[in-house]
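Contents: one structure, followed by commentary.
In full-length UniProt numbering, the protein residues as written are 1 to 353.
Here it is as structure tokens:
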């Protein structure tokens, strides 16, 4: 086996910050010749991704099993675009990937905007956008669309589920205060009429993109939740918080929990989930359903299963659930679910006694 090629330290440093990718201009600036780059590719030490972009990692992309694998793949796509067009600006899904916004598809297409040079040839496997002038953020020496503009660009190009998920993730993280600016930015753009109704589907109450996909499946099957992120208490003791909740005719609650290591990280977190769910079920007042984290509203049949359970329990109308419910008192026929609400200060005081 031939020894690994010795490469300039500055180039290796760049690759480590660019998801193991380098551009031909960076190679030349680091002292490599085009012939040296071609030899590295022929020897299998590097792989050509598209014209002018090379991968210094010898592992095939599908075999890169690691923590944060999907984030790596999304950021890698963004860097493919930026390195293929040295004067390009990362836009849409690629900008969101670099900014760390959740809810994107596993695979995104490299895309950049080059408003001054749209006549230049398009690199294979990439997309060029014409967005005109928009605010940018400087990120590792490159320009990336500012968050609100990246969200608006993504809303117009992403599938519904992912568009709703990224907007919800941005709201939840405080990246944007509301959706007013997004609605204004898409006004008059091609596709705005099609995607504008999606804004009404966005909720900052979704705990993760997986919960967004689950909620959209529930909406699509006609059973939107009566409540989200509901806390249950009994005898002054906190039992747990559930992802989705419906009130059943007999005073019990149907609750749905979404599992998934990408969104609820680590074995300790999963163990905590199990203990919490055991406390909830042990109350005798909850019917618990658990589902693996979906990657879209059509992944699995979550909505259909929940609709079937609600039909089996003869649940016919929605009943809003408050953010915190005390299970100490049973909900009798004709009694409002609001009567189970306990002020959070009182609950906390009782829990400390």
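Yeah, the Cβ is synthetic: ideal placement off N, Cα and C, and Gly gets one too.
Find the nearest neighbour of residue i within the set the options, judged by alpha-carbon distance.
| i | options | result |
| --- | --- | --- |
| residue 32 | 8, 43, 19 | 8 |
| residue 217 | 201, 99, 153 | 201 |
| residue 149 | 91, 289, 38, 138 | 91 |
| residue 192 | 228, 220, 153 | 153 |
| residue 293 | 301, 287, 197 | 301 |
| residue 236 | 279, 284, 244, 326 | 326 |
| residue 280 | 322, 297, 233 | 233 |
| residue 319 | 247, 303, 306 | 247 |
| residue 131 | 121, 144, 72, 115 | 115 |
| residue 198 | 159, 305, 188 | 159 |
| residue 147 | 125, 127, 182 | 182 |
| residue 417 | 10, 312, 309, 298 | What the structure shows of the chain is the stretch from 1 to 353, and residue 417 is not part of that stretch, so it cannot be assessed. |
| residue 324 | 251, 241, 14 | 241 |
| residue 328 | 251, 295, 291 | 251 |
| residue 138 | 99, 103, 157 | 99 |
| residue 140 | 67, 180, 14 | 14 |
| residue 121 | 69, 52, 103 | 52 |
| residue 29 | 11, 69, 38, 62 | 11 |
Quick one: using the 10 Å Cβ neighbour count with 16 as the cut-off for buried, is residue i buried or exposed?
| i | result |
| --- | --- |
| residue 177 | exposed |
| residue 18 | buried |
| residue 215 | buried |
| residue 113 | buried |
| residue 105 | buried |
| residue 155 | buried |
| residue 208 | buried |
| residue 88 | buried |
| residue 26 | buried |
| residue 186 | buried |
| residue 58 | exposed |
| residue 16 | exposed |
| residue 20 | buried |
| residue 142 | buried |
| residue 243 | buried |
| residue 256 | buried |
| residue 284 | exposed |
| residue 41 | exposed |
| residue 126 | buried |
| residue 151 | buried |
| residue 44 | exposed |
| residue 190 | exposed |
| residue 239 | buried |
| residue 295 | buried |
| residue 135 | exposed |
| residue 103 | buried |
| residue 179 | buried |
| residue 65 | exposed |
| residue 265 | Here residue 265 scores only 44 on pLDDT, less than 50, and its place in the model is too uncertain to base an answer on. |
Between residue i and residue j, which are expected to be in contact by the criterion C-beta below 8 angstroms, what is the C-beta distance as a whole number of angstroms?
| i | j | result |
| --- | --- | --- |
| residue 81 | residue 110 | 3 angstroms |
| residue 230 | residue 245 | 5 angstroms |
| residue 321 | residue 227 | 3 angstroms |
| residue 286 | residue 253 | 5 angstroms |
| residue 222 | residue 311 | Residue 222 to residue 311, Cβ: 10 angstroms. No contact. |
Hey, residue i and residue j: beta-carbon distance below 8 angstroms or not?
| i | j | result |
| --- | --- | --- |
| residue 249 | residue 314 | yes |
| residue 78 | residue 94 | yes |
| residue 50 | residue 129 | no |
| residue 212 | residue 174 | no |
| residue 75 | residue 97 | yes |
| residue 303 | residue 206 | no |
| residue 108 | residue 56 | no |
| residue 101 | residue 210 | no |
| residue 195 | residue 163 | yes |
Of all the CB atoms in chain B, is at least one closer than 8 angstroms to the CB of residue i?
| i | result |
| --- | --- |
| residue 11 | In the structure shown, chain B cannot be found, because there is only a single protein chain. |
>> In chain order, what are the residue ranges of uninterrupted beta strand (DSSP E) at least 3 long that sit wholly in the segment 200–268?
In response: Taking 3 residues as the shortest admissible run, the segment 200–268 contains the following complete beta strand (DSSP E) segments, listed from N- to C-terminal end: 227–234, 237–247, 253–259.
> Can you give, in chain order, each stretch of the alpha helix (DSSP H) that sits fully within the segment 74–119 and has at least 4 residues?
Replying inline: List check, alpha helix (DSSP H) in window: 92–99.
> Fully enclosed by the UniProt domain "AbiEi antitoxin N-terminal" (10–54), which alpha helix (DSSP H) runs are 4 residues long or longer?
Replying inline: 24–29, 34–42, all fully within the UniProt domain "AbiEi antitoxin N-terminal" (10–54).
>> Please give the ranges of any alpha helix (DSSP H) in the segment 112–167, keeping only runs that are unbroken, at least 4 residues long and fully inside the region.
In response: Within the segment 112–167, the complete alpha helix (DSSP H) runs of at least 4 residues are 147–157.
>> In chain order, what are the residue ranges of uninterrupted alpha helix (DSSP H) at least 4 long that sit wholly in the segment 277–334?
In response: You should have 302–312.
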